[in-house]
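Chemist: Last residue of the sequence shown? That's 298 in my numbering, and every number before it is there in order. Cβ atoms here follow ideal geometry from the backbone N, Cα and C, with glycine treated the same way. This is the structure I have questions about; it appears just below.
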Amino acid sequence: NTDAYLNDLADQIRLDKNSPQFRVLDLKAELLIDLLAKRFLSELISKPTRLGSTERGTALNRKFDIDIALKFKPRSFTSTESMYFDVLDFLESQVGEHSIVSVRDQRKSIGVIFDIGGNEERIDIVPCKITKGLTSGYLFVNEQGILSNSYSFTKTNI
Numbered sequence: 141n142t143d144a145y146l147n148d149l150a151d152q153i154r155l156d157k158n159s160p161q162f163r164v165l166d167l168k169a170e171l172l173i174d175l176l177a178k179r180f181l182s183e184l185i186s187k188p189t190r191l192g193s194t195e196r197g198t199a200l201n202r203k204f205d206i207d208i209a210l211k212f213k214p215r216s217f218t219s220t221e222s223m224y225f226d227v228l229d230f231l232e233s234q235v236g237e238h239s240i241v242s243v244r245d246q247r248k249s250i251g252v253i254f255d256i257g258g259n260e261e262r263i264d265i266v267p268c269k270i271t272k273g274l275t276s277g278y279l280f281v282n283e284q285g286i287l288s289n290s291y292s293f294t295k296t297n298i
């Protein structure tokens with residue numbers, strides 16, 4: 141039966157949230173949520189929240205990360221660029237603490253790399269400046285690279 145085979149295959153490759161690897165990264169995510177909430181308390185609309193494939197149950201067991209959204213108040217920063225780099229600077233200040241080995245700026249998020257049992261595991265932080273209506277917001281877009289050295293922003297329903 142093809143359906144049974146495909147369901148069995150999906151179960152084999154889907155992330156097991158009870159695996160030791162995920163459970164340790166899950167604790168690191170809670171730690172980051174607490175650190176970010178404390179640091180940006182007055183600028184945030186609410187406590188940082190998780191989103192993405194690990195929350196939807198669609199993450200793969202060999203390649204997964206945890207995504208955390210930081211929803212900032214409309215007037216918390218003068219620009220999405222200053223918001224992004226403020227969060228990046230804070231996270232970079234945490235390198236060497238809490239098993240954080242590096243932080244890297246990515247296109248629309250900030251990757252926090254942990255050393256967990258000799259493996260590098262990642263949590264992505266997604267800063268978003270919410271609009272006045274509180275139903276959408278803006279993400280910073282880092283387009284720096286070999287051929288480009290620019291920044292922009294994009295609207296989202298995070």
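According to the Cβ coordinates, are Ile256 and Leu171 closer than 8 angstroms?
Modeler: In this structure, Leu171 does not lie closer than 8 angstroms to Ile256 by Cβ.
Chemist: Less than 8 angstroms between the C-beta atoms of Asp174 and Ile263, yes or no?
Modeler: Not in contact: Asp174 and Ile263 (Cβ atoms no closer than 8 angstroms).
Chemist: Quick check: the stretch 268-286 against the stretch 229-241, are at least 3 beta-carbon pairs closer than 8 angstroms?
Modeler: Short answer: they don't touch.
Chemist: Given a threshold of 16 other Cβ atoms within 10 Å of its Cβ, counted over all protein chains shown, does Gly258 qualify as buried or as exposed?
Modeler: Its Cβ having fewer than 16 others within 10 Å, Gly258 is exposed.
Chemist: Per the DSSP calculation, Thr189 is bridged to which residue(s)?
Modeler: In DSSP, Thr189 forms a bridge with Ala209.
Chemist: Taking the alpha-carbon positions, what's the Pro267 to Lys168 distance?
Modeler: So the two alpha carbons sit approximately 18 angstroms from each other.
Chemist: For Ala144, count neighbouring C-beta atoms within 10 Å of its own C-beta (all shown protein chains included) and say buried if the count is 16 or more, exposed if not.
Modeler: Exposed, by the Cβ-count rule.
Chemist: Cα separation between Thr296 and Leu184?
Modeler: Distance between the alpha carbons of Thr296 and Leu184: 17 angstroms.
Chemist: Tell me, to the nearest whole angstrom, how far the beta carbon of Val227 is from that of Ile250; I am working on the premise that it is less than 8 angstroms.
Modeler: Right, the Cβ-Cβ distance comes to about 6 angstroms (below 8 angstroms), so this counts as a contact.
Chemist: Can you tell me whether DSSP reads Lys295 as helix, strand or coil?
Modeler: The answer is strand: DSSP assigns Lys295 an E or B state.
Chemist: Which residues mark the beginning and the end of the alpha helix (DSSP H) in which Leu228 is found?
Modeler: Note, Leu228: alpha helix (DSSP H), Thr220 to Ser233.
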